[in-house]
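In this note's numbering, the protein residues as written are 10 to 197.
The beta carbon of each residue, even a glycine, is placed where N, CA and C say it ideally should be.
These notes concern the structure reproduced below.
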Amino acid sequence: MKLSCENVALYFDIFTSVEHKISATFINLVSEYFPMGNLDIYLQKLRNKKSPLNNQLVDMWFAQILDGLMFLWNQNIIHRNLKPDCIYLRGENNEENCSLIIGDMIPSSVAYDLRMRTRLPRRALSYTAPEILESGQYTKQSDIYSLGCVLLDMITCDTLTDEETLQLRICARHDASTLSETLENLQN
């Protein structure tokens, strides 16, 4: 199957490698190069400067991510790994004129059991829908949950530290009122 969408990264190859010393198998994706980096790096720069992401840019980038997801879903592909460090900036060194590209999809043909996920850093797990941690079943809804976490990072980059957004994502899983309170505070 060939994927072609301006908001989905081009992949040239995928292969696995085994590291016997640590008894691990790695999935290696060979994709196009993004010299501007990823959304996580960009949001971290804004966070360090306590600078907000322009609302128009939030709207445009959110729409681009959603366009990429819709394309994948129309191909019966669930992303399974949506988070800011898997969303790349494509453009000419000007964030306002660049577009966002979804990358690092986890192929469904790869055995990806729950034990592997527990080895992921806490930060990476915080973008994972609660039902994935319980059942391991990926759906479009789990991608939507992750997309909401990405949006939360985008709109809080000037007010919350990386650790605070991490805690908010974790707490919101168990108590949605935490998220509501934060969003109300952002509006004031």
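Backbone secondary structure at residue i - three-state DSSP
i, result
"L81", "helix"
"Y42", "coil"
"R178", "helix"
"Y147", "coil"
"T187", "helix"
"D22", "strand"
"D122", "Unreliable positioning characterises D122 in this predicted model, as indicated by a pLDDT of 47, which lies under 50. A coordinate reading is not provided."
"Y97", "strand"
CA-to-CA distance, residue j to residue i, given in whole angstroms
i, j, result
"L142", "S151", "11 angstroms"
"G46", "Q146", "30 angstroms"
"Y20", "L160", "25 angstroms"
"P44", "Y97", "9 angstroms"
Contacting residues, own chain, Cβ-Cβ under 8 angstroms from residue i (five flanking each side not counted)
i, result
"T170", "R56"
"L66", "E104 and E105"
"F80", "L12, C14, N16 and V17"
Expected contact under 8 angstroms - CB spacing of residue i and residue j to nearest Å
i, j, result
"I205", "I111", "A query on residue 205 cannot be resolved here, the shown segment of the chain reaching from 10 to 197 and no further."
"Y136", "C158", "5 angstroms"
"L156", "L78", "7 angstroms"
Neighbourhood of residue i by C-beta, 7 angstroms cutoff - its chain only, sequence neighbours within 5 removed
i, result
"N106", "G100"
"C180", "T187"
"T174", "L161, D162 and T165"
"P139", "R182"
Close beta carbons around residue i, own chain, < 6 angstroms, minus the five adjacent residues each side
i, result
"D49", "P93 and D94"
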